[in-house]
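Residue numbers (the numbering used here): -2 to 127.
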């Protein structure tokens, strides 16, 4: 049985020992929530019954693929076809805000890629030192 204190201590250990890397603008990186309610068990489900469940939201570099391969591509495809633009403009959004949003998404992708490249550079330097 895991206690909240143990979960938070483990997260702190991960951060202290640099087992994972975070972008600068979100230094906390993790949110862990323990739930006293057992998860629902469905017939023919692959999950084993458990007394508790946990939800972890982590901000690490693995999420960069979601931005680059999913969100950006879908946004570009929908915007190129002007899908749903009329709804947003009808609600008061200006056309220029779409370009700004796409640019912000590009900056977000770049932030994560920068962290990944810094991490790879640090690992290469560590191997050279050995």
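Beta carbons: idealized from backbone N, C-alpha and C, even for Gly.
| query | result |
| --- | --- |
| If I follow the unbroken beta strand (DSSP E) through residue 32, where does it start and stop? | 27 to 32 |
| Tell me the DSSP secondary structure of residue 51 in three-state form. | strand |
| Do residue 106 and residue 65 come within 8 Å of each other at the CB atom, strictly closer than that value? | yes |
| Do you know offhand how far residue 103's Cα is from residue 117's? | 21 Å |
| Go through its chain and collect everything with a Cβ distance to residue 81's Cβ below 8 Å, but skip five positions before and after it. | 75 |
| What does a CB cutoff of less than 6 Å around residue 51 pick up in its chain, not counting 5 residues either side in sequence? | 31 |
| So, under 8 Å CB-CB, residue 72 and residue 99 are touching, yes? Tell me the CB distance rounded to an integer number of Å. | 6 Å |
| In its own chain, which residues sit with a C-beta less than 7 Å from the C-beta of residue 91, not counting the 5 before and 5 after it? | none |
| Tell me, please, whether the CB atom of residue 58 is closer than 8 Å to any CB atom in chain B? | This model lacks chain B altogether; it includes just one protein chain. |
| If you compare alpha carbons, which of 85, 86, 68 and 36 is closest to residue 47? | 36 |
| Along the chain, which unbroken stretches of the alpha helix (DSSP H) at least 4 residues long are found entirely within the segment 83 to 113? | none |
| Between the alpha carbons of residue 28 and residue 94, how many angstroms are there, rounded? | 31 Å |
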